[in-house]
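Undergrad:
Chains as they are written, first to last, in our numbering: chain A, 2 to 230; chain B, 2 to 230.
(1) Can you tell me the Cβ-Cβ gap for residue 56 of chain B and residue 63 of chain B, rounded? I've got them flagged as a contact below 8 angstroms.
(2) In chain order, what residues of the same chain have a beta carbon less than 6 angstroms from the beta carbon of residue 152 of chain B, not counting five sequence neighbours either side?
(3) Is it true that the CB of residue 213 of chain B sits closer than 9 angstroms to the CB of residue 167 of chain A?
(4) Can you list the residues of chain A that residue 210 of chain B reaches, using a CB-CB cut of under 9 angstroms?
(5) Does the beta carbon of residue 62 of chain A sit closer than 9 angstroms to a beta carbon anywhere in chain B?
(6) As a quick exercise: from A:53, A:95, A:102 and A:114, pick the residue whose alpha carbon is nearest that of residue 66 of chain A.
(7) Extract the residue ranges of the alpha helix (DSSP H) inside the region 59–100 of chain A, only unbroken runs of 4 or more that lie entirely within it.
(8) Between residue 79 of chain A and chain B, is there a C-beta pair that is closer than 9 angstroms?
(9) Excluding five sequence neighbours on each side, which residues of the same chain lie with their C-beta closer than 6 angstroms to the C-beta of residue 39 of chain B?
(10) Could you tell me the alpha carbon to alpha carbon distance between residue 30 of chain A and residue 69 of chain B, rounded to whole angstroms?
(11) As a quick exercise: from B:144, B:78, B:71 and B:126, pick the residue whose alpha carbon is nearest that of residue 92 of chain B.
(12) With H, G and I counted as helix, E and B as strand and the rest as coil, what does DSSP make of residue 138 of chain B?
(13) Any C-beta of chain A sitting closer than 9 angstroms to the C-beta of residue 97 of chain B?
(14) Scan the region 64–93 of chain A for residues whose Cβ lies nearer than 8 angstroms to a Cβ of chain B and list them as they occur along the chain.
(15) Under 8 angstroms, with one C-beta from each stretch per pair, do the region 188–205 of chain A and the region 70–79 of chain B reach the 3-pair mark?
(16) What residue does the alpha helix (DSSP H) around residue 168 of chain A start on, and which one ends it?
(17) Rank A:102, A:216 and A:112 by C-alpha distance to the C-alpha of residue 165 of chain A and give the top, closest one.
(18) Can you tell which of B:43, B:105, B:32 and B:37 has the C-alpha that lies nearest to the C-alpha of residue 188 of chain B?
(19) Taking the runs of the alpha helix (DSSP H) that are 4 residues or longer, which of them lie wholly in the region 98–137 of chain A?
(20) DSSP three-state label for residue 1 of chain A, please.
(21) Please list, in chain order, all residues of the same chain as residue 109 of chain A whose beta carbon is under 6 angstroms from its beta carbon, the five residues on each side excluded.
(22) Are the beta-carbon atoms of residue 208 of chain B and residue 97 of chain A separated by less than 9 angstroms?
(23) Mind checking if residue 42 of chain A is an interface residue toward chain B, Cβ cutoff 9 angstroms exclusive?
(24) For residue 162 of chain A, I'd like the list of residues in its chain whose CB is within less than 7 angstroms of its CB, leaving aside the five on either flank, ordered along the chain.
(25) Please report the residue range of the alpha helix (DSSP H) in which residue 33 of chain A lies.
(26) Which residues of chain B have a Cβ atom closer than 7 angstroms to the Cβ of residue 172 of chain A, listed in chain order?
(27) Less than 7 angstroms between C-beta atoms, sequence neighbours within five positions excluded: which residues of the same chain meet that for residue 180 of chain A?
(28) Taking only beta-carbon positions, decide if residue 46 of chain B is within less than 9 angstroms of chain A.
(29) Strictly below 9 angstroms CB to CB, what residues from chain A border residue 216 of chain B?
(30) With a cut-off of 9 angstroms, does the C-beta of residue 176 of chain A fall near any C-beta of chain B?
(31) Considering Cα atoms alone, identify which of A:74, A:61, A:34 and A:184 is closest to residue 136 of chain A.
(32) By a C-beta neighbour count over all protein chains shown, 10 Å radius and 16 as the cutoff for buried, is residue 132 of chain A buried or exposed?
(33) Give a yes or no on whether the minimum CB-CB distance between residue 50 of chain B and chain A is below 9 angstroms.
(34) Can you find the residues in the same chain that come closer than 8 angstroms, C-beta to C-beta, to residue 47 of chain A, ignoring five residues on each side of it along the sequence?
(35) Would you verify that the beta carbon of residue 182 of chain B is, or is not, closer than 9 angstroms to some beta carbon of chain A?
(36) Counting only Cβ pairs nearer than 8 angstroms, list the residues of chain B close to residue 122 of chain A.
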C-alpha cells in the first residue's frame with residue numbers, strides 16, 4: 002500500500018536563543034535542539050541528517066549544539082525516549098481516569114494518534130531505536146514493551162467486563178498499534194486532514210469494523226477451515 | 002507499542018550453485034542472490050548489510066555475486082519491486098475471482114499477510130524504497146500508489162454494494178494497510194503463530210471491530226463533538 006511521501010520541512014521551532022530572559026533557559030534550549038533534530042530525522046531519515054543542519058536550522062554554531070548534547074546517537078535516544086514517555090504518560094492518564102476498558106482504550110488510541118503525529122512521537126515511529134547501539138536499543142525496547150503491556154491489559158479488562166469482543170489481546174493490540182502507528186508514517190502536517198479527524202475515522206474502523214452489517218457473512222479462510230475440520 | 006525484535010537469521014536458501022543441471026540456471030541463481038540479500042536486509046537493515054555477507058551466505062565469491070547484480074541499490078530495488086509485484090498480482094487475482102467486494106477485500110488481506118511475512122514482501126515493509134536514489138524511489142512509489150488504489154477501489158465497491166460500512170475509503174485503506182504491514186515488521190518465522198493464524202485474528206478485528214456488541218456505546222471525541230456542534 003502506498004505511503005505518501007515524507008513531510009515537507011516543518012517550520013523550525015522558534016529559536017530560544019532569541020529569548021532575552023536567560024534564567025532557566027538551558028532546558029528550553031536543549032529541548033529546542035532535540036525537537037529540531039527530531040523534525041530533521043522525521044523528514045530525511047537518521048542516516049542522512051547531520052548536526053550541522055540542526056545548528057543551521059536553529060541559527061547557532063555546531064559547538065553551541067554540542068553544549069547541549071553529546072552526539073547524534075544521544076539526540077535520537079532522547080527523542081525516542083521523550084516520545085515513548087509521552088505515550089506512557091497518556092496511557093497512564095487514560096487508565097487513571099476510570100470507566101469501562103473500551104472507553105479507556107478509545108481514549109488511549111486518540112492520545113496515541115495525537116502523539117505520533119507530533120515531532121517526538123513521530124520519531125518513535127519513523128526512526129525508532131534501530132540505529133542505536135545495543136544498550137540504548139534495549140532501554141527503549143523495554144519502554145515499548147511496557148507500553149504494549151498497558152494496551153494488552155486494557156484489552157484483557159475489556160474482554161473480562163464484556164465491552165470488548167473475545168480475542169487474542171496480543172494480536173488485537175498489534176493490530177491497532179499497526180494501524181495507529183502507520184498514521185505517524187504517512188501523516189503530513191498541513192496535508193488536509195487534522196490528526197483528530199484521522200484518528201476518529203481510523204478508530205471507528207478498529208472499534209466497529211468494516212463490515213456493514215453483522216449479517217454480511219464473510220467466508221472463513223480455506224486453510225483455517227481445513228485446520229478446524 | 003513494542004515491536005518484537007527482528008527475526009533471527011533465517012536459513013539461507015539452498016544454494017543453486019550446487020545444482021548439476023546448468024541450463025537455464027542463471028535466472029534461478031539471480032533470484033537466489035536477491036532472496037538471500039532480502040533476508041539479510043530484513044534481519045540487519047539495509048545500511049548494515051554488505052554484499053560480502055550475501056556472498057558468504059551463498060558460499061560464493063563476491064565477483065560471482067556481481068555477475069548477477071550491479072550494486073546493493075539495484076538488489077534492494079529488485080527485492081522491493083518483486084515484493085510489490087507479488088502484492089499486485091495477488092490483488093488482481095482476488096479481483097478477477099469475482100464475488101462481493103467485502104469477500105475480495107478479505108481475500109486480498111489474507112494474501113497481503115502471506116506476502117509480507119515472506120522475504121520479498123517483508124523487504125517492502127522493513128526496508129522499502131527510502132534508501133534508494135530518487136528515480137528508483139519514484140518507480141516503486143508509483144507501484145505502491147497503484148496497489149493502494151486497488152484496495153481503495155474495493156472499499157468503494159463494497160460501500161456501493163452495501164457490504165462495507167460507509168467510510169472514507171482512503172483512511173479505511175490506510176487503517177488496514179497499517180495493521181497488516183505491521184505484521185511484516187514484528188513477525189518472526191518459527192515464533193509460535195503461523196502467518197495464516199495471525200492474519201485471521203487481525204482480519205477479524207478489522208472486519209468486525211473490537212466492540213463486543215453494537216450497544217456498547219463509545220463516547221465521541223470531545224474535539225469532534227465540539228466541531229460538530
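Built from N, CA and C at the ideal position, the CB exists for glycine as well.
TA: Taking the structure as given:
(1) Beta-carbon to beta-carbon, residue 56 of chain B and residue 63 of chain B are separated by about 5 angstroms, close enough to satisfy the 8 angstroms threshold.
(2) Taken in chain order, the residues that qualify are 174.
(3) A contact, by the Cβ cut-off of 9 angstroms.
(4) The contacting residues are 166, 205, 206, 207, 208, 209, 210, 211 and 212.
(5) The beta carbon of residue 62 of chain A does not come within 9 angstroms of any beta carbon belonging to chain B, so the residue lies off that interface.
(6) For the options A:53, A:95, A:102 and A:114, the alpha carbon positioned closest to that of residue 66 of chain A is the one of A:53.
(7) Counting only runs of 4 or more, we get 63–69 and 73–97.
(8) At a cut-off of 9 angstroms between beta-carbon atoms, residue 79 of chain A makes no contact with chain B.
(9) Excluding positions up to five away in sequence, the list reads 80, 120, 121 and 124.
(10) Whole-angstrom Cα-Cα distance: 52 angstroms.
(11) Selected option, being the one with the closest Cα: B:144.
(12) It is helical.
(13) Not closer than 9 angstroms to any Cβ of chain A, the Cβ of residue 97 of chain B fails to qualify, so no.
(14) Across the region 64–93 of chain A, no CB contact with chain B closer than 8 angstroms is found for any residue.
(15) Contact between the region 188–205 of chain A and the region 70–79 of chain B is absent, with fewer than three C-beta pairs closer than 8 angstroms.
(16) Premise fails: residue 168 of chain A is in no alpha helix (DSSP H) and is neither H nor E.
(17) Comparing Cα positions, the closest option is A:102.
(18) Cα-wise, what sits closest to residue 188 of chain B is B:43.
(19) With a minimum length of 4 residues, the continuous alpha helix (DSSP H) runs that stay inside the region 98–137 of chain A are 102–117 and 120–127.
(20) Outside the shown range of chain A, which is 2 to 230, sits residue 1 of chain A, and nothing can be said about it.
(21) In the same chain as residue 109 of chain A, and ignoring 5 residues on each side of it, the C-beta atoms closer than 6 angstroms to its own belong to 92 and 95, in chain order.
(22) Between residue 208 of chain B and residue 97 of chain A, the CB-CB gap reaches or exceeds 9 angstroms.
(23) Chain B contact via Cβ: absent.
(24) Contacts found: 101 and 102.
(25) Following the DSSP letters along the chain, one finds residue 33 of chain A inside the alpha helix (DSSP H) bounded by residues 26–45.
(26) Those within 7 angstroms of residue 172 of chain A in chain B are 199, 202 and 203.
(27) Once the five neighbours on either side are set aside, the close Cβ partners of residue 180 of chain A are 203 and 207.
(28) At least one chain A Cβ lies under 9 angstroms of residue 46 of chain B.
(29) By Cβ distance, chain A contributes nothing, its closest Cβ being about 10 angstroms from residue 216 of chain B, past 9 angstroms.
(30) Residue-level contact check: residue 176 of chain A touches chain B, since one or more beta carbons of chain B fall below 9 angstroms from its beta carbon.
(31) With distances taken between Cα atoms, residue 136 of chain A lies closest to A:74.
(32) So residue 132 of chain A counts as buried.
(33) No - not a single Cβ of chain A is within 9 angstroms of the one on residue 50 of chain B.
(34) In its chain, beyond the 5 residues on either side, 73, 77, 128 and 132 have a beta carbon closer than 8 angstroms to the beta carbon of residue 47 of chain A.
(35) It does; some Cβ of chain A falls within 9 angstroms.
(36) The contacting residues do not exist; residue 122 of chain A stays about 12 angstroms from chain B at best.
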